[in-house]
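These notes are about the structure you will find just below.
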Amino acid sequence: METRAHHVVIGLFTLLTLTGAVLFSLWMTKASMEREYQHFEVVFNRAVSGLSVGSRVEYSGIDVGNVVNMRLNPNDPRQVLALIRVESSVPIKEDTQARLGLANITGSMTLQLSGGTPESPLLTSSGSNPPQILAEPSPLDSLLSDGEAIVGNASQLLSNLNTLFEDESTERISRIIANVEAISAGLASQQQQFERSMEELTALIQEGREALGSIHTLSQDANRLLAQEGNELLVSSRRAAESFNQASQRLSALIDTNAPALEKTLENSAAGTQSLSPALEELRATLNNLNRVTRRLEENPQDFLFGGDSIQEFRP
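Each residue of the sequence shown is one higher than the one before, counting from 1 in full-length UniProt numbering.
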């Protein structure tokens, strides 16, 4: 009897537990059904692999709804239309953005909503169809789409590498390396010749400098010699010019003083006039020439004596 009583108690406990679980499920279902939702249609211009009916809809990381239906746009099969339901308490604005997000490592996706500034109006429908939200490409979409191009480029690179390491290409590379080595050896030998040429050029420049130094010393000695001799000659010429000038002035004064007496004597004798007039004229011309020579000698005795420009000092 005690064993049968234990079985009855266990059965009653199990029955009550199952009944409570069913009632709790019905209550939760009723609460969920009584919750109000608003529907929106999200338009995708890309593939939506990993997104399916029942996938979560999150707003800033919070679960606010799920995907109800998915279909292709009958007018443009490149677009995917995903019908979602969102709790009525969640404000969906006109600037609200939608994109796909990775739910877990298995590859399933969630629909993520973000944005929506306070001053933006609520998103409403203009007709019987639900309001539409244009989905933006997510970084994951860009990575997946660019991944195909990356894989293609990698495959092309491997193909080019295989072509590069073929027998014919390897032989060409070997020839190029051999040519580079030959050019390097030629440059090394040319470098030695160039160094010898530079040494010879340096020696030649040094000899030229020594020759210029000798010429400079010689020119300085010549300038000093010319300066000493020239100064003595100039002093002598100036003294001679002064003496010559004084003699010419005395002679001119003597002629001017005796000119009236000579003219009076010449007037008394026509024959005397005819014989002395040419001599007087020649004497006056000679005095004029002497005056000019004296003036030139005083102004530039060096030019008058040497007949040219003054000697310039040599400057190397």
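We put the beta carbon where it would ideally sit given N, CA and C, even for glycine.
Can you find the residues in the same chain that come closer than 8 Å, C-beta to C-beta, to N129, ignoring five residues on each side of it along the sequence? Excluding sequence neighbours, N129 sits near E41.
Inter-residue spacing [alpha-carbon to alpha-carbon] between R250 and E242: Rounded to the nearest angstrom, the two C-alpha atoms are 12 Å apart.
Could you tell me whether the stretch 99-108 touches the stretch 46-55, using the rule of 3 or more Cβ pairs below 8 Å? Yes, since at least three Cβ pairs between the stretch 99-108 and the stretch 46-55 fall closer than 8 Å, the two stretches touch.
For T96, which residues in the same chain have their Cβ closer than 7 Å to its Cβ, ignoring the five residues on either side in sequence? Answer for T96: L113, G115, G116, L123 and I133, listed in chain order.
What first and last residue would you give for the beta strand (DSSP E) that runs through L113? Segment M109 to G115, the beta strand (DSSP E) holding L113.
In the DSSP output, which residue or residues are listed as bridge partners for R71? As computed with DSSP, R71 is found in a beta bridge with L81.
Length of the line joining the Cα atoms of S60 and M70: Whole-angstrom Cα-Cα distance: 22 Å.
Buried or exposed: where does V9 fall if 16 or more other Cβ atoms within 10 Å of its Cβ makes it buried? It is exposed - the Cβ of V9 has fewer than 16 other Cβ atoms within 10 Å.
Out of P74, G50, E207 and P91, which has the shortest C-alpha to C-alpha gap to V64? Nearest to V64 by C-alpha distance, out of P74, G50, E207 and P91, is P91.
For residue 332, which residues in the same chain have their Cβ closer than 8 Å to its Cβ, ignoring the five residues on either side in sequence? Any question about residue 332 goes unanswered here, given that the chain covers just 1 to 316.
Can you have a look at A82 and say buried or exposed, based on whether 16 or more other CB atoms are within 10 angstroms of its CB? So A82 ends up on the buried side.
Through-space distance from P77 to V68, alpha-carbon basis: Rounded to the nearest angstrom, the two C-alpha atoms are 19 Å apart.
Chain-order list of residues whose beta-carbon lies under 8 Å from that of I84 (same chain, five-residue window excluded): Here the set comprises H39, F40, E41, V42, V57, G65, N66, V67, V68 and L111.
Tell me, please, which residues DSSP counts as bridged to L122. DSSP output for L122 lists K93 as bridge partner(s).
A135 (DSSP reduced to helix, strand or coil): In the three-state DSSP reduction, A135 falls in the strand class (E or B).
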